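Trainee:
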Amino acid sequence: MPPTKSVVITGASSGLGLHVAVELARADWHVVLGCRAPERGAAAAALIRERSPAASLEVLEMDLASLDSVRAAASALATGGRPPLHALVSNAGVQVANGVRRSADGHELTFATNHLGHFLLIRLLLDHVAEPGRVVLVSSGTHMGPRHSFGFPAPVWADPALLADPDHSPMDATGRGGRQRYATSKLANLYTTYELARRLGERRITANAFDPGLMPLTGLSRDYPTRIRRVYEALGAFSPLILTFPGSRRRPRPRKGQDQRGGHHGGGSASGLRNRKADDPVGSVLTAHGVVRLMWQV
Ligand SMILES: NC(=O)c1ccc[n+]([C@@H]2O[C@H](COP(=O)([O-])OP(=O)(O)OC[C@H]3O[C@@H](n4cnc5c(N)ncnc54)[C@H](OP(=O)(O)O)[C@@H]3O)[C@@H](O)[C@H]2O)c1
35 MPPTKSVVIT
45 GASSGLGLHV
55 AVELARADWH
65 VVLGCRAPER
75 GAAAAALIRE
85 RSPAASLEVL
95 EMDLASLDSV
105 RAAASALATG
115 GRPPLHALVS
125 NAGVQVANGV
135 RRSADGHELT
145 FATNHLGHFL
155 LIRLLLDHVA
165 EPGRVVLVSS
175 GTHMGPRHSF
185 GFPAPVWADP
195 ALLADPDHSP
205 MDATGRGGRQ
215 RYATSKLANL
225 YTTYELARRL
235 GERRITANAF
245 DPGLMPLTGL
255 SRDYPTRIRR
265 VYEALGAFSP
275 LILTFPGSRR
285 RPRPRKGQDQ
295 RGGHHGGGSA
305 SGLRNRKADD
315 PVGSVLTAHG
325 VVRLMWQV
């Protein structure tokens, strides 16, 4: 049977985004691979087809660090020609840990990619999301500070205009400043999710922030010094043990009968936040396949 629902996944060329694309293609979604480099998108599509020959896929060029590119991708998505768009997974991410870099628009690159590009994409696509729908923002646990997040420095929140402007940012150009910028961009994902959930009102679209936990073997640490990347590689080899590190043990299983929905039902939705109230319908889906599980109710 041809797919009846489409999902857009940003950063689908590697890491988590690619795995989510594999699983959703297998689950008969039409998968739009949002990738900044068409050749990496094509390679991802080929890999997915190797695993699921009947997969329904398309590669859409989308550079989250360019607002014009995001606008162009959003208008291509609004024109139709595919099953209705029921889900958006805002997954693409970078962590500039080496100096300060700027996006095509001159904004600080980590904040631009992780927050600004996705914020614009969601705003432009929201009216085109069919009900029931789901918007997932892949965030992290780094907003919780070093004790709960593998020693990661806590975010430094400020007016988003300052966070976007490297010349006026409260964070410096050191590696620590780079990690603070990453944590801050992920906090922005959480704030966006809460506000989105509030604004969705009665629409049957849920918003979730999703923390995948520590994934040491993805490309996210590509900007780190070699010695740190080696530590990550070693951690990857012992991945089951990683669950014992502080900041990694944040994968509560859904309790029996617990709703996996977020959004307007709970006044916000941020899977991965600790200390959720027992009746909070969020914070329930935190496994590596959590994004895919979230889709079951769409
Ligand atoms: N790894 C972890 O421990 C961890 C923990 C918590 C949260 N996360 C989050 O999980 C998400 C996925 O990261 P990952 O670990 O899977 O890392 P990854 O392997 O580096 O994947 C990141 C993806 O984002 C894409 N991307 C980067 N900049 C982009 C841009 N300007 N426009 C479009 N796509 C862009 C990359 O594309 P290219 O192939 O073109 O580079 C790649 O497909 C991120 O949001 C990250 O913050 C990761």
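Numbering-wise (the numbering used here), the sequence shown opens with residue 35 and increments by one. All residues carry an ideal CB built from backbone N, CA and C; glycine is no exception. Values in this document were obtained by computation on a predicted structure and should not be read as measured data.
Beta-carbon within less than 7 angstroms of ALA207's beta-carbon, same chain only, minus the 5 sequence neighbours each way: which residues are those?
Mentor: In the sequence shown, the residue the question calls residue 207 occupies position 173. Once the five neighbours on either side are set aside, the close Cβ partners of ALA207 are GLY133 and VAL134.
Trainee: Please go through the same chain and pick out, in chain order, the residues whose beta-carbon is closer than 8 angstroms to the beta-carbon of ARG105, but skip the five residues on each side of it.
Mentor: Here residue 105 corresponds to residue number 71 of the sequence shown, with the count starting at 1. Once the five neighbours on either side are set aside, the close Cβ partners of ARG105 are LEU154 and LEU158.
Trainee: Just the Cα atoms here: how many angstroms apart are HIS202 and TYR225?
Mentor: Indexing the sequence shown from 1 puts residue 202 at position 168. Indexing the sequence shown from 1 puts residue 225 at position 191. Distance between the alpha carbons of HIS202 and TYR225: 21 angstroms.
Trainee: Could you give the first and the last residue of the continuous beta strand (DSSP E) run that contains SER40?
Mentor: Here residue 40 refers to the residue found at position 6 when the sequence shown is read from its first residue. It spans 40-44 - the beta strand (DSSP E) in which SER40 sits, taken as one unbroken run.
Trainee: Taking the straight line between their C-alpha atoms, what separation do you get for ALA121 and TRP63?
Mentor: For the purposes of this step, residue 121 is taken as residue 87 along the sequence shown, with counting starting at 1. For the purposes of this step, residue 63 is taken as residue 29 along the sequence shown, with counting starting at 1. Distance between the alpha carbons of ALA121 and TRP63 is about 10 angstroms.
Trainee: Starting from GLU57, trace the alpha helix (DSSP H) in both directions and tell me its first and last residue.
Mentor: Taking the sequence shown and counting its residues from 1, the one referred to as residue 57 is at position 23. 49-60 is the extent of the alpha helix (DSSP H) around GLU57.
Trainee: Quick one: what does DSSP say THR252 is sitting in, helix, strand or coil?
Mentor: Within the sequence shown, residue 252 is the residue found at index 218, counting from 1. It is coil, neither helix nor strand.
Trainee: Just checking, does the region 64-76 make contact with the region 96-115 on the three C-beta pairs under 8 angstroms criterion?
Mentor: yes
Trainee: Using only the heavy atoms of ligand 1, determine whether one of them is closer than 6 angstroms to the beta carbon of ARG74.
Mentor: Counted from its first residue, the sequence shown places residue 74 at position 40. The answer is yes for ARG74.
Trainee: Going by beta-carbon coordinates alone, are PRO117 and THR38 separated by less than 7 angstroms?
Mentor: The residue labelled residue 117 in the question sits at position 83 within the sequence shown. The residue labelled residue 38 in the question sits at position 4 within the sequence shown. Yes.
Trainee: First and last residue of the beta strand (DSSP E) that includes PHE244?
Mentor: Stepping through the sequence shown from its first residue, residue 244 is reached at position 210. Unbroken beta strand (DSSP E) run through PHE244: 239-244.
Trainee: Checking 7 angstroms against the spacing of the C-beta atoms, do ALA146 and SER137 come in under that value?
Mentor: In the sequence shown, residue 146 corresponds to position 112, counting from 1. In the sequence shown, residue 137 corresponds to position 103, counting from 1. For ALA146 and SER137, yes; Cβs fall inside 7 angstroms.
Trainee: Nearest to LEU101 by CA position, among ALA198, ARG215 and VAL54, is which residue?
Mentor: As a position in the sequence shown, residue 101 is number 67, starting the count at 1. Of ALA198, ARG215 and VAL54, the residue nearest in Cα terms is ALA198.
Trainee: Is the beta carbon of SER174 within less than 6 angstroms of some heavy atom of ligand 1?
Mentor: Reading the sequence shown from its first residue, position 140 is the one you call residue 174. Correct: SER174 has its Cβ closer than 6 angstroms to ligand 1.
Trainee: Going along the chain, which residues of its own chain have a beta-carbon closer than 8 angstroms to the beta-carbon of HIS152, five neighbours each way excluded?
Mentor: Within the sequence shown, numbered from 1, the residue matching residue 152 stands at position 118. Correct list, in chain order: THR44, LEU98, SER124, ALA126, LEU171, ASN223 and THR226.
Trainee: Taking 6 angstroms as the cut-off, does the CB of MET249 come closer than this to any heavy atom belonging to ligand 1?
Mentor: Stepping through the sequence shown from its first residue, residue 249 is reached at position 215. Yes, ligand 1 has a heavy atom inside 6 angstroms of this Cβ.
Trainee: For PHE186 and PRO180, which I take to be in contact (beta-carbon distance under 8 angstroms), what is that distance rounded to the nearest angstrom?
Mentor: Walking along the sequence shown from the start, residue 186 turns up at place 152. Walking along the sequence shown from the start, residue 180 turns up at place 146. PHE186 to PRO180, Cβ: 6 angstroms. Contact.
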